[in-house]
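Notes to accompany the following structure.
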Amino acid sequence: MIDIIVGVISAVSFGILIFWAIRPSARKWFEFPKYKMLEDEERFSALDRRRD
Amino acid sequence: MNDRQSPVSNQHVSYERGISSELPRIDYDLIRCHGHAAVVTVLISALLGILVATKFNFPTFLGGHAWETWGRLRYNHTQGIFFGWLGNAFIAFCYFVVPRLTNRPVTSRKLGWAIFWLWNFAVVLPGWILVCAGFSQPLEWAEFPIIVDVFVILAFLLMLVQFVKPLFSVPAGDLYVSGWYITGGLVFTTLAYPIGNLVPEFAAGAKGAAFSGLWIHDAVGLFVTPLALAMAYYVIPSVTKRPIYSHFISMMGFWLLFFIYPLNGTHHYVYSAIPMSAQRGAIIASVYLGLTVVLVVTNLLLSLRGSSDKVGGNVPLRFVWFGVVAYLLVSLQGSIQALMPVNRFIHFSDWVIGHSHLAMIGFASFIAAGALAHVWSSLPGVRYNARAMNWSYWLLAIGLSLMVIDLTAAGLVEGQLWVSRAPWIDSVRAMYPYWLTRVISGIPIIAGFLLFWTGLLTGPRNAIPSQSASVRRNSERVSDDGEKRGGAQEIFHGTPSILGYAFVIAFVAGFGFFVISFVVLGIIPARQLQAEIDRTVPHSMQPLTPAEARGRVVYGREGCAYCHTEQVRVIAADVLRFGAPTAPWETQYDYPHLWGTRRIGPDLSREHGLRTDDWHFAHLFDPRSTVPDSIMPPYPWLFNGSSAKPNQDGLDLVAYLRSLGRERELAGDSGNEQVDHGMAMEMSSGYSAHGIPDTRPLIDTGGINPDAPVFKTTGEIEATQAQRGRDVFQHNCSGCHGVNADDHGIARPGLLPLPANLMRHHYSDADLATILWDGVYGSAMPPWRQLDKSDLAAVTAYVQSLQAPFAREPMAPQELDAASKLFASNCVSCHGAQGAGDGPAAGGLKPSPVNFHVRQPTPDRARSVIERGIPGSSMPAWKGQLSDDDRNLLARYVLSLYDNGHKEVQGQ
Numbered sequence: 064m065i066d067i068i069v070g071v072i073s074a075v076s077f078g079i080l081i082f083w084a085i086r087p088s089a090r091k092w093f094e095f096p097k098y099k100m101l102e103d104e105e106r107f108s109a110l111d112r113r114r115d
Numbered sequence: 003m004n005d006r007q008s009p010v011s012n013q014h015v016s017y018e019r020g021i022s023s024e025l026p027r028i029d030y031d032l033i034r035c036h037g038h039a040a041v042v043t044v045l046i047s048a049l050l051g052i053l054v055a056t057k058f059n060f061p062t063f064l065g066g067h068a069w070e071t072w073g074r075l076r077y078n079h080t081q082g083i084f085f086g087w088l089g090n091a092f093i094a095f096c097y098f099v100v101p102r103l104t105n106r107p108v109t110s111r112k113l114g115w116a117i118f119w120l121w122n123f124a125v126v127l128p129g130w131i132l133v134c135a136g137f138s139q140p141l142e143w144a145e146f147p148i149i150v151d152v153f154v155i156l157a158f159l160l161m162l163v164q165f166v167k168p169l170f171s172v173p174a175g176d177l178y179v180s181g182w183y184i185t186g187g188l189v190f191t192t193l194a195y196p197i198g199n200l201v202p203e204f205a206a207g208a209k210g211a212a213f214s215g216l217w218i219h220d221a222v223g224l225f226v227t228p229l230a231l232a233m234a235y236y237v238i239p240s241v242t243k244r245p246i247y248s249h250f251i252s253m254m255g256f257w258l259l260f261f262i263y264p265l266n267g268t269h270h271y272v273y274s275a276i277p278m279s280a281q282r283g284a285i286i287a288s289v290y291l292g293l294t295v296v297l298v299v300t301n302l303l304l305s306l307r308g309s310s311d312k313v314g315g316n317v318p319l320r321f322v323w324f325g326v327v328a329y330l331l332v333s334l335q336g337s338i339q340a341l342m343p344v345n346r347f348i349h350f351s352d353w354v355i356g357h358s359h360l361a362m363i364g365f366a367s368f369i370a371a372g373a374l375a376h377v378w379s380s381l382p383g384v385r386y387n388a389r390a391m392n393w394s395y396w397l398l399a400i401g402l403s404l405m406v407i408d409l410t411a412a413g414l415v416e417g418q419l420w421v422s423r424a425p426w427i428d429s430v431r432a433m434y435p436y437w438l439t440r441v442i443s444g445i446p447i448i449a450g451f452l453l454f455w456t457g458l459l460t461g462p463r464n465a466i467p468s469q470s471a472s473v474r475r476n477s478e479r480v481s482d483d484g485e486k487r488g489g490a491q492e493i494f495h496g497t498p499s500i501l502g503y504a505f506v507i508a509f510v511a512g513f514g515f516f517v518i519s520f521v522v523l524g525i526i527p528a529r530q531l532q533a534e535i536d537r538t539v540p541h542s543m544q545p546l547t548p549a550e551a552r553g554r555v556v557y558g559r560e561g562c563a564y565c566h567t568e569q570v571r572v573i574a575a576d577v578l579r580f581g582a583p584t585a586p587w588e589t590q591y592d593y594p595h596l597w598g599t600r601r602i603g604p605d606l607s608r609e610h611g612l613r614t615d616d617w618h619f620a621h622l623f624d625p626r627s628t629v630p631d632s633i634m635p636p637y638p639w640l641f642n643g644s645s646a647k648p649n650q651d652g653l654d655l656v657a658y659l660r661s662l663g664r665e666r667e668l669a670g671d672s673g674n675e676q677v678d679h680g681m682a683m684e685m686s687s688g689y690s691a692h693g694i695p696d697t698r699p700l701i702d703t704g705g706i707n708p709d710a711p712v713f714k715t716t717g718e719i720e721a722t723q724a725q726r727g728r729d730v731f732q733h734n735c736s737g738c739h740g741v742n743a744d745d746h747g748i749a750r751p752g753l754l755p756l757p758a759n760l761m762r763h764h765y766s767d768a769d770l771a772t773i774l775w776d777g778v779y780g781s782a783m784p785p786w787r788q789l790d791k792s793d794l795a796a797v798t799a800y801v802q803s804l805q806a807p808f809a810r811e812p813m814a815p816q817e818l819d820a821a822s823k824l825f826a827s828n829c830v831s832c833h834g835a836q837g838a839g840d841g842p843a844a845g846g847l848k849p850s851p852v853n854f855h856v857r858q859p860t861p862d863r864a865r866s867v868i869e870r871g872i873p874g875s876s877m878p879a880w881k882g883q884l885s886d887d888d889r890n891l892l893a894r895y896v897l898s899l900y901d902n903g904h905k906e907v908q909g910q
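Protein chains in written order, with the working numbering: chain A, 64 to 115; chain B, 3 to 910.
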C-alpha cells in the first residue's frame, strides 16, 4: 500500500511537471487564471473606491 | 479574454452604473457580522486559553466550580478558535472572494443569514455552554457534543450551496487557485467532520482512534489550511498588484496537499496499537507533505519578490507574510516530529502544544487576520486603523514567538525526563517556569487580538490612494497573456466538458481523496485491528460495569484524557514506566476511545490495583493532599463536602479508574501476545510503577518483599541523608503523612485506614524497603518505585530518624508466659505464632497484619491500637474483651519482638 501511494504521488507529480516544462503553451494555459484574478480584483476594487 | 469565461448574467445585482453594472452583489453586512463574530470569539477563546494556562501554575485559580474546570475550558478554547475565530473569518472571506472569483453572487442572501445564525448561535455559543455544563465529546478537535455536530454538518452543507455552487459554474481552466482551495476544503470537511466526530462513537478503541486520527489532522489540514491558503493566494496579488509567481505550481500544491494531507492522520498515534502499516504510511505521507509545503511556500514567497516595501508598509500583507513563513516552519516541524525517533521523544509533550499554536496562530490566524483586514479595506466607507493593526501585528508576533520557543524547549525537557527514570512529578515540577512563561506570552497575544478588533472598529472612513497606474500596467499584461493563451486553448479544445468545470475539484479533491484516506487509514486498519482482536482477546475479557461506564462518561466530561493518556506505547520509556503496551483487544469496549494526545499527568491505563479508592477520592477532592506538587484541578463537585463523602459521580469515576488495566491484569501472560520478545524483556525488568508484586505472596514472607531493594543496610542514620530525605518526604509524602510525619496531612480525612503516624513507629530497613517499593496493599499508600533509589534511601533515613527503636524491656518469666498465652489465644490467627504477620488468616486481610519483628510501635501506640483497634483494617478494638493489665502486657510483649528483621532475614 505504501509503495502504491509513493509511486502514484511521484508519477503524477513528475509527469505533470515534465509536461509543464516541455510545453510552453501548457504553461501559459495554466498561468491564465492568475491574470484573470487580478483583472477581476481591479474591477471590484474600482467599484469599492467609487462607493467610498 | 476567451469565450470560455463566464458571461455576466442579467440576474446579478448592480450597485451602480458603468463598471459596477457588470459586477455581482457582495454581501458586505454578512462580511461585517462574520468579521466581528470572528474577533469576538477569538478574544473569548484567547481568554479561555490564558485561564487554562494559568491553571497550570495556579490549579485552584478561579476556585473549584465545575463549569470553569480546566478540562471544560480547554475544550472550549480550541473549539472557539476553530469554529468561532477561524470559521467566521473564513466565511467572511468567502463572501468577499467568491463573487470576485466567479463573477457571480453567492447563492442567497437569506441563506447567508441562516448560516450566520446557525454557525454562531447553534454551534459556537451552544457548544460553549453545553461543554461548560458537562456535555461534551472527549475527542481532539471534536469536543462539542454530538447535538452540536448536527448543526455543524448542516452549516457545512449550506456553505456548499452558498459558496461552492457559484464556483461550480466556473470553467476549471479559468478558476483561480483560491477557488480550488475553497471548493476542496468545504467539500472535504463536510465529509470528514461526521466521520471524525461520529465514527469513534461506534468503532471502539483502537479502531475508533484510527478514524479519530484522520479528523485530528483533517480539521487542520483540510479545513484550516485550504481556507488559509485561499486567503494567502488572494491577498498577496491583491496588495502587490502583481500576479502570483506560478499558478501552475499553486495547482501542483493544491493537488498534492489534498492527496497527501488526509494520509497524515495516523501520525498522531505513532507507536500505538494501530497497525504499523498505517503508522508507516502516515509517516511517509508526513515527509511528502513537508516537501509539498516547501513547494507551496516557495511559490507564495516568490510572489512577494520585489515587494518588500509593501510587506513592510501594508499590515494585512505583513500578517499574511508572517503566516506563510510560519506555515513553512510548522509543516517542516510536523514532518520531522512524525519520524519515529523524534516522535518517541517529544510526543505527548509541550513540544506538540507549541507546534499546534504555531499552526493555529502563527499560520492560520495570522493569515486570517491579514485577510480580514484586507477585506475590511474594501467595505463601503470603512478602513482599518493602520496604527492599531501595526501594534496588533507586533504584539501577536512577539507573543506567539515567545510561546512557541518556550513550549518547544519545555517539550524537550519533558521528553528527556520521561525517558529517564525520574519520577513523573519531576517533569511537572520542571515545567513550572515554562508554563508561567506561556501565561506571560498569552498576554501580548490577547492584547494583539484586542488591538486587531480596535483596528477594525476605529479605521478612518477614507479611500486608499489610487493605484490606477499600476493596475493599468497589470491589466495590459492580462490582455497580453489572454491573447497569448488563445493558442494554448487550442490544445485543450478537445477536453470533455465534464472535466472542464470546477466540480471536478469537488469530486476528485474533496470526495475522491477523502475516500482514499478513509479506506487507507480508516477501514483497512480497522479490519486489521478486528482480526487481531479476534485472535488475541482473552476469554476473561468483560465490558465495563454500569458504574464504570458512567464513570467513563465523567472522565470524558471533565477532560481527564487531555492530561492523562490511556495508551502505553510500544517504546521502552512507556513500558518501563507504566507497564505492558496497550493491546487492541483491551480497547474493544471503549466508545469513544480515550487514548489522549497529551501527558501532563501519568498514563492511567495500568491504574488497576495501583492505588486504593481512598487515595483516588482524596486526590480528586484535593489533588495536592496526596501529591503535594500536583497541578491537577480539584473536583469538589464529585463530593458532598468531604473526600470521605463522594457522590454518585465520584464513586463512578473511581470505579472506572479502578477498572483501567484490570482485564490486562486478569489476562496475565495470555494478554501479551502482541508484544514482541524485546519488549517483553523490557517489561520484565521490574521498574514499572505498577506495584503489585508478581512474585510470591508477601504473606509467605512476613510482609517482606525479598525482591525489594534494601535502600539502607548499615543501620546508621546520617544527618545529611536524613535532611535530604525530609525534603523528598515533604514533596511526596506530606500530603497524607503530614509535614511533621504525624499523620495529619490534608488528605487524612478521606483515608481509611489513616496514614501511618511515622512518629509512633520504628521501621526496619526491610520493612521500609517493602513499603516504599510495593506500597501497602489495602491502604492508600502507593508504591514509590518511580523515585530514585538514593531518594528512597534518604526517605528511609529520615523516617528512621523520627523514632529510634526502643530497647527491649525485660519481662519476668511469669509475665512472658502470660503474655505468650494471651498472644496465642487472641492474636496468632492474624499475626502468626511468632508475631511475624503470617497467621493463617493473614492472607485474606488488607492491609496485612503487622510483622512485629520488623516494625516496632511506641508503647503508647501499641496500647492505643490494642485498646481501640485500627479503623479501616482488620485489627479490632480489644477494650472490653481484655483487661487493662492484659492489654498492657500484650503491648509490652509485641514491643519486645522487634529484632530489626534479623529473624526474618535469617528465615529467608
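Glycine included, each C-beta is placed from N, C-alpha and C at the ideal position.
Query raised in the report: Going along the chain, which residues of the region 154-187 of chain B sit with their C-beta nearer than 8 Å to a C-beta in chain A?
Result: Gly175, Asp176, Leu177, Tyr178, Val179 and Ser180
Query - Straight-line gap, His679 (chain B) to Pro807 (chain B) (C-alpha atoms, nearest Å) - result: Unreliable positioning characterises His679 (chain B) in this predicted model, as indicated by a pLDDT of 42, which lies under 50. The coordinate reading is nonetheless provided below. Cα-Cα distance, rounded: 47 Å.
Query raised in the report: Do we get a CB-CB distance below 9 Å when we pair Gly223 (chain B) with the residues of chain A?
Result: Not flagged as an interface residue toward chain A: Gly223 (chain B), since no C-beta distance is shorter than 9 Å.
Requested in this report: Quickly, what does DSSP pair Arg857 (chain B) with across the bridge? List them, please.
Outcome: B:Tyr765
Query raised in the report: From this set, B:His621, B:Leu291 and B:Met405, which residue's C-alpha is nearest Pro784 (chain B)'s C-alpha?
Result: It is B:His621 whose Cα lies nearest to the Cα of Pro784 (chain B).
Report task. Output the distance between the C-alpha atoms of Met877 (chain B) and Gly727 (chain B), rounded to the nearest integer angstrom. Result -> 31 Å
Query - Assigned exposure category for Asn387 (chain B) - 16 Cβ within 10 Å defines buried - result: buried
Query raised in the report: Residue ranges of each alpha helix (DSSP H) run of no fewer than 4 residues wholly in the region 522-598 of chain B, ordered along the chain?
Result: With a minimum length of 4 residues, the continuous alpha helix (DSSP H) runs that stay inside the region 522-598 of chain B are 526-538, 548-559 and 574-580.
Query raised in the report: Are there 16 or more other CB atoms within 10 angstroms of the CB of Glu568 (chain B), so buried, or fewer, so exposed?
Result: buried
**Report entry** Nonlocal neighbours in the same chain, by C-beta distance under 6 Å from Gly207 (chain B), ignoring five residues either side
**Finding:** Thr589, Gln590, Asp592 and His595
Requested in this report: With 9 Å as the limit, tell me which residues of the region 78-90 of chain A have their beta carbon closer than that to any beta carbon of chain B; keep them in chain order.
Outcome: Flagged, chain order: Ile79, Leu80, Trp83, Arg86, Pro87, Ser88, Ala89 and Arg90.
Query raised in the report: Could one say the Cβ of Phe137 (chain B) lies closer than 9 Å to chain A's Cβ atoms, at least one of them?
Result: no
Query - Unbroken alpha helix (DSSP H) run spanning Pro168 (chain B), endpoints - result: Lys167 to Phe170
Report task. Note the first and the last residue of the continuous alpha helix (DSSP H) segment covering Gly417 (chain B). Result -> Counting along the chain, the unbroken alpha helix (DSSP H) around Gly417 (chain B) starts and ends at Ala388 to Val421.
Requested in this report: Output, in chain order, the set of chain A residues within a Cβ distance shorter than 7 Å of Phe261 (chain B).
Outcome: Ile72
Query raised in the report: When DSSP labels each residue in this structure, what does Leu655 (chain B) get in the three-state scheme?
Result: helix
Query raised in the report: Between the beta-carbon of Ala157 (chain B) and the beta-carbon of Ala212 (chain B), is there less than 9 Å?
Result: no
**Report entry** Status (buried if at least 16 other CB within 10 Å, exposed otherwise) for Thr268 (chain B)
**Finding:** Result: buried.
Query raised in the report: Under a CB-based cut-off of 9 Å, is Arg102 (chain B) close to chain D?
Result: Of the protein chains in this structure, namely A and B, none is chain D.
Query - DSSP beta-bridge partners of Leu884 (chain B) - result: B:Lys881
**Report entry** Own chain residues within Cβ distance below 7 Å of Ala68 (chain B), not counting five before or after
**Finding:** Closer than 7 Å at Cβ, skipping near neighbours: Gly136 and Trp639.
Query raised in the report: Alpha carbon to alpha carbon, what distance is there between Gly561 (chain B) and Gln164 (chain B)?
Result: 36 Å
Query raised in the report: Out of curiosity, what's the CA-to-CA distance linking Val778 (chain B) and Asp576 (chain B)?
Result: 24 Å
**Report entry** Member of B:Ala814, B:Thr772 and B:Trp121 whose CA lies at the smallest distance from the CA of Asn853 (chain B)
**Finding:** The shortest Cα separation from Asn853 (chain B) among B:Ala814, B:Thr772 and B:Trp121 belongs to B:Thr772.
Query - Proximity to Ala375 (chain B) [Cα-Cα], best of B:Tyr395, B:Asn828 and B:Phe580 - result: B:Tyr395
Query raised in the report: Alpha carbon to alpha carbon, what distance is there between Val539 (chain B) and Pro228 (chain B)?
Result: 42 Å
**Report entry** Segment limits, alpha helix (DSSP H) that includes Lys99 (chain A)
**Finding:** First-last of the alpha helix (DSSP H) with Lys99 (chain A): Pro87 to Arg114.
Query - Alpha-carbon to alpha-carbon, Pro61 (chain B) and Ser121 (chain A) - result: Not covered by the structure: residue 121 (chain A). The range shown for chain A is 64 to 115.
Requested in this report: Run down chain A in chain order and give the residues with a C-beta less than 8 Å from the C-beta of Asn78 (chain B).
Outcome: For Asn78 (chain B), no chain A residue has a C-beta closer than 8 Å to its own C-beta; the minimum C-beta separation is roughly 37 Å.
Query raised in the report: Taking the C-alpha atoms as reference points, what is the distance between Asn476 (chain B) and Pro147 (chain B)?
Result: Residue placement at Asn476 (chain B) is flagged as unreliable, the pLDDT there being 40, under the threshold of 50; the coordinate-derived value follows with that caveat. Going from the Cα of Asn476 (chain B) to the Cα of Pro147 (chain B) covers about 50 Å.
Query raised in the report: Going by DSSP, which residues form a beta bridge with Phe641 (chain B)?
Result: B:Pro648
Query - Residues that Phe250 (chain B) contacts on chain A, provided the C-beta gap is smaller than 8 Å - result: Trp83, Arg90, Phe93 and Glu94
Query raised in the report: Using the C-alpha atoms, what's the distance from Ser898 (chain B) back to Asn707 (chain B)?
Result: Approximately 23 Å, taken between the alpha carbons.
Report task. Answer yes or no: do Leu402 (chain B) and Ile447 (chain B) have a C-beta to C-beta separation smaller than 9 Å? Result -> yes
Report task. Alpha carbon to alpha carbon, how far is Leu546 (chain B) from Trp323 (chain B)? Give it in angstroms, no decimals. Result -> 52 Å
Query - Euclidean distance between Cα positions of Arg113 (chain A) and Leu200 (chain B) - result: 49 Å
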